[in-house]
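When the letters of the sequence shown are read in order and numbered with this note's numbering, they come out as residues 252 to 723.
Reviewing the structure listed below.
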Amino acid sequence: MRTQLYIDGQWVDGSGTLDVIDPSDDSVIAAVSTSGEKEHEAALAAADRASAGWAKVAPRVRGEILRKAFEIMVAEADQLAELISRENGKALPDAKGEVMYAAEFFRWFSEEAVRNAGDFRMAPSGDKRILVTHQPIGVSLLITPWNFPAGMATRKIGPAVAAGCTMILKPASETPLTALAIVDIMERAGLPAGVLNLIIPQEVGPAISTMLHDPRLKNLSFTGSTVVGKHLLHEAADNVIRCSMELGGNAPFVVLDDANIEEAVKGLMLAKMRNGGAACTAANRIYVARSIGDKFIAEFAKAMAAMTMGVGRNAGITLGASVSVKERNKIAELVEQAKSRGAKVHTGAITPDGPGAFYPATVLQVPKDDAILAQEVFGPVAPVVLFDTDEEALKLANETEYGLISYVYSEDLKRALRFAEGIEAGMVGINRGMLSDPAAPFGGVKQSGLGREGGFDGIHEFLQTKYIGVEI
Ligand code: NAP
């Protein structure tokens, strides 16, 4: 297990340490090195020094490094999944799913590395030529959250390597071990020194602020909460740093009255419970047509009650711990408040005694204006609201400042498509409860973010367009 910082191709001790906790029993798994000003300067200097040379490395070579990283990651999937489960708490099937998803970003961008197409056109005047080319932006700061410690890192490292950018990776303080393991894979895959550096700041706010005000830094790729994202956008404004922001979500899951109930429940279990509900894509507001409401809620509550909660890495567990007791208590508090306002509990909603950050799969029935619907509940809690017409459902679904993802279930594709077109979200699943796919553009509208990761768009978060005009 790697526990040191990675700067300029070297594993180095930092100026302090941080304990990484197993949230399923509150034990300390490891102490990782933490970074201060000296290490941050070294990381930035290394990324800056490596930048020009790395941008000139043949795209095929960069692609092959990513391909190798994909192969190593798949070969070591079981160990990596176990590590993710230990430091994040999630159930092993979720952790394995994440490793394969994460590895696919390396494979996808190994293929995209050699497809950086430009454009050559005659100007309308006929006597000039318009040449358009896409060049690496340069030193990029990658900040990732704890909920998908592998997937959110490879979704940034993959396109940055493909584009020819150098990087400084700053993982969430709850889950640095997975990021360290991924950096180790990149090193073994042949990534040159200085291209990828990893820091774990003792004081994150001042450290990142200093970097965003340093002219050597050119790009910020952030995944995390909307509140931190907005703060970083302000910070990045001073030097007009390019920003890509993958922020919070509050996804509606809409079940129209002609939906196949069995399929919709299956889809909702994926949309709500993948990763124990700790996903930006998690269904957080479940709107069900009143005419099928009772049947749907009964079947959904049955499926939720059948989840097996326990230590994530143990066999048969389908719902692991939250990332920390603090995070679990936030979830429990939101449920208690909803109960005090009259929410009907269909299953769950009781905080278990004993160690670990556990919270059970919970189904609540709430009125359409309940406060729990206004925020992202980052856990296994599903508030259900009944509606009467498609128009009402669409209005309710759009009543949020977030716009990451939405889901709609209907057997009538025309009706579902009309719904999908009316919804304010960057992604919509029609009769699908899981959309994440390295080959598709992932991202939100409204306060869920700026830019797209994955698909053909993802590499462009690390490229800048140059127009070269030629007179002939
Ligand atoms: P968070 O609190 O915003 O933290 C995310 C990252 O930002 C962490 O590495 C954190 O470091 C860092 N950070 C915190 N304060 C900072 C500051 N002042 N300056 C610079 N960096 C700072 O989010 P989280 O709780 O880890 O993750 C959950 C959130 O991420 C949810 O809102 C979820 O929806 C969102 N998310 C979005 C997507 C997407 O693709 N749209 C994907 C996954 C998650 P420390 O850990 O050291 O505090």
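Positions of the beta carbon are idealized from the N, C-alpha and C atoms, including for glycine.
Remember, it's a predicted structure, so these values are computed and weren't measured experimentally.
I need the straight-line Cα distance from residue i to residue j, nearest angstrom please.
i      : j      : result
ARG525 : GLN255 : 31 Å
MET351 : PRO396 : 18 Å
ALA515 : ASN682 : 7 Å
VAL283 : ILE548 : 45 Å
MET560 : ASP604 : 13 Å
ILE419 : ALA556 : 42 Å
GLU662 : LEU668 : 11 Å
GLY709 : GLY593 : 44 Å
MET558 : ALA346 : 16 Å
ALA411 : TYR660 : 36 Å
TRP262 : GLU315 : 23 Å
PHE473 : LEU498 : 8 Å
PHE357 : HIS597 : 42 Å
PRO611 : PRO466 : 48 Å
ARG372 : THR384 : 12 Å
GLU288 : VAL446 : 20 Å
ALA691 : SER361 : 15 Å
ALA354 : ALA296 : 29 Å
GLY680 : ALA671 : 8 Å
ILE582 : ALA430 : 26 Å
LEU343 : ASP329 : 9 Å
ASN649 : VAL539 : 15 Å
GLU712 : ALA368 : 15 Å
ASP641 : LYS341 : 36 Å
VAL375 : LEU647 : Per the sequence presented here, residue 375 reads as Pro, with Val not at that position. So the two alpha carbons sit approximately 48 Å from each other.
VAL308 : SER302 : 10 Å
LEU637 : ASP620 : 11 Å
PHE321 : GLY456 : 33 Å
VAL562 : ARG300 : 44 Å
ALA533 : VAL365 : 34 Å
THR417 : LEU483 : 20 Å
ASP259 : ALA404 : 18 Å
LEU468 : ASP264 : 24 Å
VAL696 : GLY475 : 15 Å
ASP277 : ILE394 : 25 Å
ILE601 : VAL614 : 11 Å
Does the distance between the C-beta of residue i and the nearest non-hydrogen atom of the ligand NAP fall short of 7 Å?
i      : result
GLU315 : no
CYS416 : no
LYS577 : no
LYS581 : no
CYS494 : no
PRO396 : yes
ILE419 : no
ALA609 : The amino acid at residue 609 is misidentified as Ala; the sequence shows Phe. Not under cutoff, so the answer is no.
HIS482 : yes
LEU655 : yes
GLY304 : no
SER699 : yes
SER336 : no
PRO422 : yes
GLU425 : yes
GLY500 : yes
VAL283 : no
GLY456 : yes
SER476 : yes
MET403 : yes
GLY702 : no
GLY695 : yes
PHE399 : yes
VAL479 : yes
ILE459 : yes
GLU513 : no
PHE504 : no
GLU627 : yes
Distance cutoff 8 Å, beta carbons only. Does residue i sit that close to anything in chain B?
i      : result
GLU292 : Of the chains in the structure shown, none is chain B; there is only one protein chain.
### Task
Scan the region 634 to 671 and note each continuous beta strand (DSSP E) run of 3 residues or more that stays entirely inside, going in chain order.
656 to 660
#### Entry: Contiguous alpha helix (DSSP H) assignments of at least 4 residues, all confined to the region 319 to 366
328 to 339 and 343 to 363
#### Entry: the region 691 to 708 / the region 454 to 467 touching (three or more Cβ pairs under 8 Å)
no
### Task
Would you check if the region 595 to 615 and the region 562 to 577 touch, i.e. whether three or more CB-CB distances between them fall below 8 Å?
yes
### Query
Which whole runs of the beta strand (DSSP E) in the region 373 to 448 are 3 residues long or more, in chain order?
379 to 387, 391 to 394 and 418 to 421
### Query
Taking only runs of the alpha helix (DSSP H) that begin and end inside the region 560 to 629, which ones reach a length of at least 4 residues, in chain order?
576 to 591
### Query
When the Cβ atoms of the region 493 to 507 are set against those of the region 648 to 655, are three or more pairs found closer than 8 Å?
yes
### Task
Quick one: which unbroken beta strand (DSSP E) runs of 3-plus residues sit fully inside the region 446 to 515? Chain order, please.
447 to 449, 470 to 474, 493 to 497 and 502 to 506
### Message
Would the region 714 to 722 count as touching the region 379 to 394 if we require 3 or more Cβ pairs under 8 Å?
### Response
yes
### Task
Check whether the region 331 to 341 touches the region 438 to 453, taking contact to mean three or more Cβ pairs, one atom from each stretch, closer than 8 Å.
no
### Message
For the structure I just gave you, are there three or more beta carbon pairs, one from the region 420 to 440 and one from the region 393 to 408, closer than 8 Å?
### Response
yes
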